[in-house]
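Protein chains: 2
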Amino acid sequence: MEKAKRTEISSLGEFGLIDRITQNIELHHTSSIKGIGDDAAIIEAEKTQVVTTDILVEGIHFDLVYTPLKHLGYKSVIVNLSDVYAMNAIPKQILVSIAISNRFSVEAIEEIYEGVKLACKKYKVDLVGGDTTASQKGLIINVVAIGEQERTKIVQRNTAKEGDLLCVSGDLGAAYMGLTLLQREKQVFLNAPEASIDLAGNDFIVGKQLKPEARKDVIEFFAEHQIIPTSMIDVSDGLSSEIMHLCKQSNVGCQLNEEHVPIAEETYNKALEFGIDPINCALSGGEDYELLFTIAAEDRTKVKQHPDISIIGEILDANLGVKLFTKGGNYHDIISLGWNSLKDED
Amino acid sequence: MEKAKRTEISSLGEFGLIDRITQNIELHHTSSIKGIGDDAAIIEAEKTQVVTTDILVEGIHFDLVYTPLKHLGYKSVIVNLSDVYAMNAIPKQILVSIAISNRFSVEAIEEIYEGVKLACKKYKVDLVGGDTTASQKGLIINVVAIGEQERTKIVQRNTAKEGDLLCVSGDLGAAYMGLTLLQREKQVFLNAPEASIDLAGNDFIVGKQLKPEARKDVIEFFAEHQIIPTSMIDVSDGLSSEIMHLCKQSNVGCQLNEEHVPIAEETYNKALEFGIDPINCALSGGEDYELLFTIAAEDRTKVKQHPDISIIGEILDANLGVKLFTKGGNYHDIISLGWNSLKDED
C-alpha cells in the first residue's frame, strides 16, 4: 500500500494553510457579499437572520478511532444546519473554526474540509469565514451557521399550545445504536488488534451516527404545503430531553404515545441484541438530528401527506405533566435523560 | 483566607450551567429579537451584516498561570469586536462557545462570563447565544461577533490606492512587551516559587496584554468626521504582517516610516531592558488590536484632529515594494514576521 503523503502544518503556517483550504471555494448566495479573506465576512441579509453555533471536541463528541475525518467535517456542519432548520429557516452561510495539534497533517485538515465542502454543496450553504489555529491536544471544531426566513415564519420552542399535535420526522435511536456498536467494536479491536472489525449489515445505524443528514426536505415540505409548525426543536440530545425543553418553555404538558414513536427495524433489532429497550434509544439516545415539532390540529391531514413524519403525541395543559403512554397501557413521567457532555465527564 | 467556593460542573450539567451563566442577561439592541434559549438566535438585520469568529486555546493563546479568567473572558470578546471595527462596522451581537475540562469549577466559568458580560456592557453588544461543553483537556473559547454598517461604508482590506496615507491608531508593541514580561516572571516563579512576582511599574504593558480594548472610539470618530478609510485591518499579528496583507490584497506597495511608528515610552524602555529593538515589538509583536488603515490624502487634516492616530507611511505603486524607511535613512523590505500559532508549534 502506498504511504499517504504527509505535509506538516508548520511548513505552511496559518496563512498558507488557509490559502490551501480555501482554494476553489465559491459563494452561491447573493447575500454572501464577501467570504474568507478579510477581518469579517459581509452578508446582505434579505430576511430575518438566525444564528447558531456548536463546538465539537475530540474525545467528547467524536472518536477518531472510528470517525473518518471527512465524515467529521460533514457532521460538524450538519449539526449546525439542523439548528437552523429547527427555526424553520434556510441556512445560507457557515463559518468554521478549527484548532488542531501537530499530530495532524495538512492532508488530514484537507479531509475535514472536504467533508465541510460536501455539506456546503449538498445543503447549498456558503463557507464565508472561520479561524484556524494550533491546539495543545486534539481536534476542536466550532461551526457557526447563519440562516434566514421571513420573521412571521420563524418557529421557536416556546410556542406550543394545548391541543396541538406533537410530530417528529424520520426515525429515532439509530445514531445511538450506531455509536453503541462502534464503541463495542473499538473495544474488541483494543483488546485484540488482530481481530477484524465487524460492521457488516449495520450500514444504516453506523451511517446515521457517522454521516447524519439535516431535514432540509421537511422544511421545504412545510413551505410547499403552507404549514407553519406552532413550535419546533431538533432532536440532538434525545427525544425525552427535547420534549422537556419544548413543554417547559411553552408551559404545556404532553402525552407521548410509545407505539407511535418511529424506530427503524435495524435500530429495534440491534437494541434487542444489546439488551436495550428500543424505546430508550429513542428517548435518551440523541444525535438523530430529526425535527420535533407541534402543529395545530387542523394541519393533521397536511402533515399526513409526508411519508416520513409521525404524529407521536398531543400537547396538553401543563397541569397534566409530560407523560409517556406505554404500549402496555401505563403512564410514566418523562424525565430528561438526554446525552450531556458536562454530566458524563468524570 | 477564606477558601473559594467550588461547585463541580457535573453537579449542574449543561442546562443547569447555561441557566446559571445566562441569568440577568439583557438584550439592548432592537435587532436582537431572541437571544439564548432556542436552537438559534434571531436577529433582525437593520443594515449590512459583518460576521467574524476567533477561537482561543489554552496553552496556545493564553496561559492561565498569569491570565485571570475574567480578563480572559473580556479579551476573547475584544479580539472579535476588533475585527468588526476593522470593517468600519458596529458590533451588535456575540455568541460564545466554551469547552472546558472538569479541572474548572462552575465558579471559574462564571468568572469567564463576568469578563464576557463586562465587555458586552462596555461595547454595547448583546450576548445572544453559544455552546457549552466538556473538553478532555484545557479551556477553549470560540467567540462569534456580528456587526452592521451601511453597505457603502463597510471597509475591506483590498482597496488601498497609490497615494493614500497609511495610518494606525494608538501605539504598538505594548501587548508583546507585556507578554514577554509575564513569561519571564512565570519562569522566575517556576524556578523559585518562593520568589515574589514583580510586575510593579508595568501596569501599562501588562494591561495591554491581559485586558486589551478595541477601537470603538476611532470608528465613532470616522463617523463624526465623515471619514471612510480606503482600506482597514486590525493589528492582531503585528504591524508587518498586517501591512503585508493590506498591500498584497490591494496590489499596492508602501513606505512605512520608522520614526512615525507609535511606540509608548513604557514599551520602548522595557524593550531596551530586554535587549529588543523597539521597532521589532511593533512590527512583529501582535495583539495590539489597534486599527491599521489608509485614507485618501485629502483626509489628512481631518485625521490629524484625532490625538491618537498616527500617519506612519504612504501607499505606493506595487512595483516599489513594501519598505521600511528606517530612522537611519535606510530602506528594508518588510517581511511578514507576525505571530503564527501554527508555525510556532512543535
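The listed protein sequences derive, respectively, from chains A and B. At position 248 of the first sequence the residue is numbered 248 (this note's numbering), and the sequence of numbers has no breaks. Numbering-wise, this note's numbering comes out as the position in the second sequence, counting from 1, plus 346. Ideal placement from N, C-alpha and C gives every residue a C-beta, glycine not left out. Predicted model only: the values in this text are computed from it and were never measured.
Per-residue burial, residue i [other beta carbons within 10 Å of its own, 16 or more giving buried]
i                            : result
aspartate 346 of chain A     : Because aspartate 346 of chain A sits at a pLDDT of 33, beneath the cut-off of 50, its placement in the model cannot be relied upon, and the following sentence gives the value as read from the coordinates. Exposed, by the Cβ-count rule.
glutamine 183 of chain A     : exposed
methionine 1 of chain A      : Interpretation of methionine 1 of chain A is limited by its pLDDT of 49, a score under 50 that renders its predicted location unreliable; the figure taken from the coordinates is listed afterwards. Per the 10 Å Cβ criterion, exposed.
asparagine 676 of chain B    : exposed
proline 193 of chain A       : exposed
threonine 152 of chain A     : exposed
arginine 352 of chain B      : exposed
lysine 211 of chain A        : buried
aspartate 384 of chain B     : buried
threonine 640 of chain B     : buried
glutamate 107 of chain A     : exposed
proline 332 of chain A       : In the sequence as presented, proline is not what sits at residue 332 of chain A; that position holds histidine. By the 10 Å Cβ count, histidine 332 of chain A comes out exposed.
glutamate 360 of chain B     : buried
glycine 286 of chain A       : buried
phenylalanine 274 of chain A : exposed
alanine 350 of chain B       : exposed
leucine 288 of chain A       : Checking the displayed sequence, the identity of residue 288 of chain A turns out to be aspartate instead of leucine. So aspartate 288 of chain A ends up on the buried side.
asparagine 370 of chain B    : exposed
glutamine 305 of chain A     : exposed
threonine 376 of chain B     : exposed
Cβ-based neighbour list, residue i, same chain, cut-off 7 Å, excluding 5 preceding and 5 following
i                        : result
aspartate 690 of chain B : Bear in mind that the predicted position of aspartate 690 of chain B carries a pLDDT of just 45, short of 50, making it too unreliable to give a figure here.
aspartate 19 of chain A  : none
valine 430 of chain B    : Val396, Thr398, Pro437, Ala491, Gly493
histidine 591 of chain B : Arg503, Ile579
leucine 283 of chain A   : Gly238, Leu239, Ser240, Leu337
alanine 296 of chain A   : Asp164, Thr230
lysine 673 of chain B    : Glu604, Glu605
Residues that residue i bridges to, as DSSP identifies them
i                           : result
methionine 578 of chain B   : B:Phe639
asparagine 488 of chain B   : B:Ile401, B:Ser443
phenylalanine 62 of chain A : A:Glu58
glutamine 495 of chain B    : B:Thr394
lysine 669 of chain B       : B:Gln601, B:Asp679
isoleucine 436 of chain B   : B:Glu494
leucine 166 of chain A      : A:Thr294, A:Gly313
glutamate 354 of chain B    : B:Ser451
Chain-order list of residues whose beta-carbon lies under 6 Å from that of residue i (same chain, five-residue window excluded)
i                        : result
lysine 648 of chain B    : His571, Ile573
valine 552 of chain B    : Gly524, Leu545
alanine 610 of chain B   : Asp517, Ala520
isoleucine 98 of chain A : Thr132, Ile141
proline 307 of chain A   : none
leucine 139 of chain A   : Glu58, Ile100
lysine 669 of chain B    : Gln601, Tyr677
glutamate 290 of chain A : Val168, Ser169, Gly170, Val235
Run of the alpha helix (DSSP H) containing residue i, from where it starts to where it stops
i                         : result
threonine 342 of chain B  : Examination of residue 342 of chain B is not possible in this model, given that chain B is present from 347 through 692 alone.
asparagine 362 of chain B : According to the sequence displayed, residue 362 of chain B carries glycine and not asparagine. Run containing glycine 362 of chain B: 359-367, per the alpha helix (DSSP H) assignment.
asparagine 603 of chain B : Here asparagine 603 of chain B belongs to no alpha helix (DSSP H); instead the beta strand (DSSP E) covers 599-603.
alanine 465 of chain B    : 452-469
glycine 632 of chain B    : Here glycine 632 of chain B belongs to no alpha helix (DSSP H), and DSSP marks it neither H nor E.
alanine 569 of chain B    : 562-570
valine 534 of chain B     : 520-537
aspartate 203 of chain A  : 203-210
threonine 505 of chain B  : Looking at the DSSP string, threonine 505 of chain B is not in any alpha helix (DSSP H), and its letter there is neither H nor E.
histidine 417 of chain B  : 415-431
alanine 617 of chain B    : 611-619
histidine 591 of chain B  : 585-596
First and last residue of the uninterrupted beta strand (DSSP E) at residue i
i                         : result
threonine 133 of chain A  : 126-134
glutamate 361 of chain A  : Nothing can be reported for residue 361 of chain A, as the shown portion of chain A is limited to 1 through 346.
isoleucine 379 of chain B : 378-380
alanine 355 of chain A    : Nothing can be reported for residue 355 of chain A, as the shown portion of chain A is limited to 1 through 346.
Nonlocal neighbours in the same chain, by C-beta distance under 8 Å from residue i, ignoring five residues either side
i                       : result
valine 128 of chain A   : Leu27, Ser32, Lys34, Gly35, Ile36, Ala41, Ile43, Gln93, Ile94, Leu95
histidine 71 of chain A : Gly115, Leu210, Lys211
Residue i at chain C interface by Cβ criterion, 9 Å
i                        : result
threonine 152 of chain A : Any reference to chain C falls outside this structure, whose protein chains are A and B.
Which of the residues in the stretch 133-145 of chain A, read from start to end, lie with their CB under 9 Å from any CB of chain B? Thr133, Ala134, Ser135, Gln136, Lys137, Gly138, Ile140, Asn142, Val144, Ala145
Give me the subset of the stretch 96-130 of chain A whose CB atoms are less than 9 Å from a CB atom of chain B, sorted by chain position. Val96, Ser97, Ile98, Ala99, Ile100, Ser101, Asn102, Val128, Gly129, Gly130
Along the stretch 397-419 of chain B, what residues have a CB closer than 9 Å to any CB found in chain A? Val397, Thr398, Thr399, Asp400, Ile401, Leu402, Val403, Glu404, Gly405, Ile406, His407
Identify each residue in the stretch 551-565 of chain B for which the Cβ-Cβ distance to at least one residue of chain A is less than 9 Å, and report them in chain order. none
Which residues, in order along the stretch 427-440 of chain B, keep a beta-carbon less than 7 Å from a beta-carbon of chain A? Asp429, Val430, Ala432, Met433
Pull out every residue of the stretch 12-39 of chain A whose Cβ sits closer than 8 Å to any Cβ of chain B, in chain order. Leu12, Gly13, Glu14, Phe15, Leu17, Ile33, Lys34, Gly37, Asp38, Asp39
Short of 7 Å Cβ to Cβ, which residues in the stretch 647-658 of chain B face chain A? none
Which residues, in order along the stretch 596-607 of chain B, keep a beta-carbon less than 9 Å from a beta-carbon of chain A? none
At a CB distance below 8 Å, what residues from the stretch 154-176 of chain A approach chain B? Give them in sequence order. Ile154, Gln156, Arg157, Asn158
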